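Residue numbers (our numbering): 1023 to 1116. Glycine included, C-beta positions come from ideal geometry on N, C-alpha and C. If you're wondering where the values come from, they're calculated on a predicted model, not measured in any experiment. Everything below concerns the one structure shown next.
This is the structure in structure tokens:
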């Protein structure tokens, strides 16, 4: 029974990994930020120009008694075919 559960979990991880690899082929990293303010500025510029985006948030959980400050990295991705348009929109709206 335990081997069955381990097998199912491993299969799920493999399927998830393959789907992420396939998904990320269609998206390009546009911007990385560590603050919410920067994220909201970039997101609003992309929204104003009609550019779809997605985010990946990485959080540092290495210590329970850490300071209150944010320890996260926000990666903003756009579709590869919209990458030039997105870069142009970020530069235009400074």
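Exposed unless 16 or more other CB atoms sit within 10 angstroms - verdict on residue i
i            : result
residue 1098 : buried
residue 1038 : exposed
residue 1040 : exposed
residue 1043 : exposed
residue 1102 : exposed
Between the CA atoms of residue j and residue i - distance to the nearest angstrom
i            : j            : result
residue 1106 : residue 1032 : 38 Å
residue 1065 : residue 1047 : 21 Å
residue 1051 : residue 1034 : 26 Å
residue 1072 : residue 1100 : 11 Å
residue 1111 : residue 1080 : 25 Å
Element boundaries [alpha helix (DSSP H), containing residue i]
i            : result
residue 1080 : Unbroken run through residue 1080 is the beta strand (DSSP E), 1075-1081; no alpha helix (DSSP H).
residue 1060 : 1058-1070
N- and C-terminal bounds of the beta strand (DSSP E) containing residue i
i            : result
residue 1114 : Unbroken run through residue 1114 is the alpha helix (DSSP H), 1105-1114; no beta strand (DSSP E).
residue 1101 : 1094-1101
Identity of the residues DSSP links to residue i by a beta bridge
i            : result
residue 1053 : 1098
Whole-angstrom C-beta distance between residue j and residue i, which should lie under 8 Å
i            : j            : result
residue 1027 : residue 1061 : Wrong, their Cβ atoms sit about 38 Å apart, outside the cutoff.
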